[in-house]
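What follows is one structure encoded as structure tokens, with my remarks underneath.
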Amino acid sequence: MTTFRPKYITFDCYGTLTNFQMAEAARDLYGDQLDEPRMMEFIKNFAAYRLDEIMGAWKPYAEVVHNSLERTCRRNGVTFRDEAAQMIYARVPTWGPHRDVPEGLARIAKEIPLVILSNAMNSQIMSNVEKLGAPFHAVYTAQQANAYKPRFQAFEYMFDMLGCGPQDVLHCSSSFRYDLMSARDLGIKNKVWVNRGHEPANPYYGYVEIPDISGLPGVVGL
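Per numbering that gives the first Met the number 0, the sequence shown starts with residue 0, numbered consecutively.
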């Protein structure tokens with residue numbers, strides 16, 4: 000990719016910017032009940048069920064967490080309790096950024112408007128955004144879009160709100176399944192994959208790879 004100066008840099012938030020700690024929460028709840036191989040299987044299943052839960056009509060994220068945790072417990076032979084799901088949901092706004100994020104974003108924010116498109120509730124997201132240490136032009140949620148990523152509707156809502164198209168943005172995410180696959184299908188040619196170790200590389204989707212946000216200024220020539 001040649002150097003591209005977009006109208007906006009659009010970001011996934013949880014996992015890419017904010018240190019997404021669902022696995023840690025699961026360990027805190029069930030680590031004393033499962034040995035390490037079973038705990039790893041539980042974490043993998045929990046992630047898969049969360050994705051499955053958001054693929055249909057929009058529902059509050061508390062329901063996403065509740066349903067996916069309940070299904071994971073059933074599959075793994077663990078007792079499910081409502082308060083466990085409530086505890087995980089309540090943790091989300093407390094999560095802070097990956098260490099590389101504040102400085103990396105600060106180097107860009109004065110030159111290019113930053114935008115977040117997040118699978119979040121309105122009541123959750125601003126607590127996380129305030130911890131990122133950089134100003135954002137706009138923050139859009141699944142609740143506002145009435146759809147979660149990877150559904151196209153979420154991205155289309157963002158384009159409508161910004162008054163721009165796929166050709167105008169650089170989309171940055173650590174996830175292919177939630178972001179970069181849909182971004183490609185929607186015609187976003189300029190994409191950055193932040194390799195946080197969540198998923199394996201997949202060059203088919205066309206992106207610049209960076210290890211963390213400190214590498215993002217160089218992508219846009221800053």
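Ideal placement from N, C-alpha and C gives every residue a C-beta, glycine not left out. Just so we're clear, the structure is a prediction, and the values are computed from it rather than from any experiment.
Burial check for ALA56: the Cβ neighbour count within 10 Å stays below 16, so the residue is exposed. Under DSSP, the beta-bridge partners assigned to VAL193 are ILE209.
By the Cβ test, the segment 2 to 17 is in contact with the segment 172 to 189, since at least three Cβ pairs between them sit closer than 8 Å. By the beta-carbon neighbour count (other beta carbons within 10 angstroms, threshold 16), MET157 is buried. Within 10 angstroms of the beta-carbon of GLU52 lie 16 or more other beta-carbons, which makes it buried. Around the beta-carbon of MET21, 16 or more other beta-carbon atoms lie within 10 Å, marking it buried. Here the segment 42 to 50 lies against the segment 61 to 78, with 3 or more beta-carbon pairs under 8 Å apart. Assignment of PHE135 by DSSP, reduced to helix, strand and coil, places it in the coil class. For GLU82, the closest alpha carbon among the candidates ALA25, PRO165 and VAL207 is that of ALA25. The way I'd put it, the segment 30 to 49 doesn't touch the segment 131 to 149; fewer than three beta-carbon pairs between them come closer than 8 Å. The alpha-carbon separation between ILE212 and CYS171 amounts to approximately 9 Å. ARG183 and ASP167 have their C-alpha atoms roughly 14 Å apart. Looking at the backbone, the Cα of PHE175 and that of ILE115 are separated by about 16 Å. Among the bridge pairs identified by DSSP, LEU169 is matched with ILE8.
The alpha-carbon of LEU113 is positioned some 15 Å away from that of ASN127. The beta carbons of LEU104 and GLY132 sit about 7 Å from each other, so the pair counts as a contact at 8 Å.
For ILE187, there is no enclosing beta strand (DSSP E), as DSSP gives it neither H nor E. In the three-state scheme derived from DSSP, where H, G and I count as helix and E and B as strand, THR140 is classed as strand. A straight line joining the alpha-carbon of LYS109 with that of LEU169 spans about 16 Å. Burial check for ALA146: the Cβ neighbour count within 10 Å reaches 16 or more, so the residue is buried.
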